[in-house]
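Sequential numbering of the sequence shown, starting at 161, is according to our numbering. Read the structure below first, then the notes.
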Amino acid sequence: MKTREKQFHDFMALAREKENRATMENHGEKIKKLNSNKTSVLTASQKRGRFLTDNLVKAYSPDKTVVWHSLFMPTELFYAMDIVPFSTEMVSAGIAGAGLSRKLVETGEDYLGSYDSCSFVTCSYGGINQNVFPEPDFIVTTSQLCDPERKLAGFAAHRYGKQEFYIDVPYGAYSQNEQHYSQSLDYLARQFENLVRFLEEKTGRKLDQENLKEVFDHSNRAREWFIKINKLREKNCPIKGIKALDFSAVLLNTWGTAEAVDIYKTLYQELLTASQTESNDPNKFRIGWIHLRPYYDNTLFNYLEKRCSVVVEEINYVFWDEFDAADPFRSLARKVLANPMYSPLDYKFRIYENMIKKYRVDAIIGFAHKGCRHYYSAIHLAAAKFKDEVPVLIIDGDCIDPRAYSFPLLKTRVDALIETLEVS
Ligand code: SF4
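This is the structure:
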């Protein structure tokens, strides 16, 4: 059996160890069923599920060129060169959703000897050590966003004996003065240019300018649909926050595909249709959400959304401009430099101000994922800054590791917030 086929086999065997939850095997059956449906009859969520699963399955194919990439690496160059992008952190979220993350987090911890690292990364170490991820042909990492991802990439490169291409992103460049910003832009654009040389050398294929143009066009169109979705949600929000988080504009590595355009267009049309018949329940409090959610358990969100509507999420903020195919490397660099998560807090705080002004939120909830050096402190500083404008509830938890999750404890915190909102 070829390496990736064996890894897929072992991944499915791991999934079968779970019997009581929605397992990956069940997931596979669901996908088979979905695949038998015509794309035109699928909902946006189904299209999204189908595309992500197709991509995952492709990544296990021995005939495909597979790149492991860090979370905020733009995927357009990969799609333009027929390279399958694979993000271990995104797959960790899927693994947690299938109820499989505990074992991999424990395996990762055993290897690292560390119990307080980010569990997206710890789970990925577990997956590598259990050899259930598809081996990469090469790895591309940026310094954006976090240190553990960089270390993970180095570890994976060593473990699989593959080369890593590293992109150094200047921190906070978006808020630099004009001269410094322009230097940062050139510096980063040159690295994307070098990346193309690296990809060409590794794949033996040239980057086709027509392909890149098409991929940029897909990205720009998907971006437009997402902006329309966000605009529509300012007035009316006929989508549950738990679902909106799964479309995460910032994180999904589908940017640059025709499927992403179709998914976001379908989502917009669904929301437009729903908003013509449904209005926001005026009895529900409007919530802005910071960071992600526990992927292994939906009880927190299900409970919260009985009394509240999550109307806006930080990670669905579209912060970048359109790509210009005539200036591809600077376009990519501009997008990466504009990331508010890799900028001084003042820039990030504008997103929360936007939540308060444009989305008229009654409260903000920040899910403080244990082990995240970026979000954990930022959420606490945001709470201090905005406390006189709206209540800010910080929920400590973990997106991937289910061991410390306690719904009764979280319910008490949510109840306390709702009581505060009722009397204010
Ligand atoms: S949650 Fe934080 S530490 Fe973990 S991968 Fe994301 S940015 Fe990095």
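In this text, a Cβ means the ideal position worked out from N, Cα and C, and glycines have one as well.
Residues near residue i in its chain [Cβ-Cβ closer than 6 Å; skip 5 each side]
i: Tyr-424; result: Ala-382, Trp-385, Phe-386
i: Ile-554; result: Gly-526, Ala-528, Ile-539, Ala-543
i: Tyr-536; result: Ala-528
i: Glu-249; result: Leu-231, Phe-280
i: Gly-332; result: Ser-503, Pro-504
Buried versus exposed call for residue i [16 or more other C-beta atoms within 10 Å across all chains shown]
i: Ser-200; result: exposed
i: Gly-273; result: exposed
i: Leu-541; result: exposed
i: Ser-261; result: buried
i: Pro-488; result: buried
i: Asp-506; result: exposed
i: Ala-576; result: exposed
i: Pro-442; result: exposed
i: Glu-370; result: exposed
i: Ser-342; result: exposed
i: Thr-301; result: buried
i: Arg-446; result: buried
Through-space distance from residue j to residue i, alpha-carbon basis
i: Lys-263; j: Ala-175; result: 11 Å
i: Asp-346; j: Arg-490; result: 7 Å
i: Met-184; j: Phe-171; result: Because Met-184 sits at a pLDDT of 46, beneath the cut-off of 50, its placement in the model cannot be relied upon, and the following sentence gives the value as read from the coordinates. Cα-Cα distance, rounded: 9 Å.
i: Ser-252; j: Val-375; result: 26 Å
i: Trp-449; j: Ser-408; result: 12 Å
i: His-451; j: Glu-474; result: 6 Å
i: Ser-584; j: Phe-509; result: 24 Å
i: Gly-416; j: Tyr-239; result: 7 Å
i: Val-281; j: Leu-312; result: 7 Å
i: Asp-223; j: Thr-414; result: 20 Å
i: Tyr-565; j: Leu-305; result: 26 Å
i: Thr-203; j: Gly-209; result: 10 Å
i: Ser-284; j: Val-265; result: 8 Å
i: Gly-257; j: Phe-461; result: 14 Å
For residue i, the three-state DSSP class (helix, strand or coil)
i: Val-574; result: helix
i: Tyr-326; result: strand
i: Arg-446; result: strand
i: Ala-528; result: strand
i: Cys-306; result: coil
i: Ala-523; result: strand
i: Pro-296; result: coil
i: Thr-163; result: helix
i: Ile-399; result: coil
i: Pro-586; result: With the chain represented from 161 up to 584, any question about residue 586 goes unanswered, as that position is not in the structure.
i: Asn-180; result: With a pLDDT of 48 at Asn-180, under the threshold of 50, the predicted position of this residue should be treated as unreliable, and no value is reported.
i: Glu-473; result: strand
i: Val-244; result: strand
i: His-340; result: helix
Own chain partners of residue i with C-beta closer than 7 Å, once the 5 adjacent residues on each side are dropped
i: Lys-366; result: Glu-360
i: Tyr-275; result: Glu-269
Cβ of residue i within 8 Å of any chain D Cβ
i: Cys-278; result: In the structure shown, chain D does not exist; there is a single protein chain.
Cutoff 8 Å; reference residue i; Cβ partners in own chain excluding five residues on either side
i: Phe-483; result: Glu-236, Phe-376, Ser-379, Asn-380, Ser-491, Leu-492, Lys-495
i: Tyr-137; result: Because residue 137 is not part of the residues shown, which for the chain are 161 to 584, the question remains open.
i: Gln-167; result: Tyr-220, Asn-291, Val-292, Phe-293, Pro-294, Glu-295
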